[in-house]
Amino acid sequence: MDTKLLDILACPICKGPLVHSRDTRELICRADRLAYPIRDDVPVMLEEEARQLSSDDPLLAR
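Now the structure itself:
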């Protein structure tokens, strides 16, 4: 994923920063506990496509 793109992307819900998880190919919003998928190098920034993370999910600790 392009680092310049990561710098300008924000969570569509809270407008907060996103963290790139290379292992799961997702963008993580820690504030909303959501993981947005990256498909074919394109982030899917739709709330209905995001998966909810549990409060003890290791992706939130990184």
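Residue numbers (our numbering): 4 to 65.
Even glycine gets a Cβ: it sits at the ideal position worked out from N, Cα and C.
Annotation: the continuous alpha helix (DSSP H) that includes Ile11 extends over 6–11.
Excluding five sequence positions before and after Arg33, the CB atoms of its chain that fall closer than 6 Å to its own CB belong to Leu63, given in chain order. In this structure, Leu30 and Gln55 do not form a Cβ contact; the two beta carbons are roughly 14 Å apart against a cut-off of 8 Å. Here the alpha carbon of Asp35 sits roughly 18 Å from the alpha carbon of Thr27.
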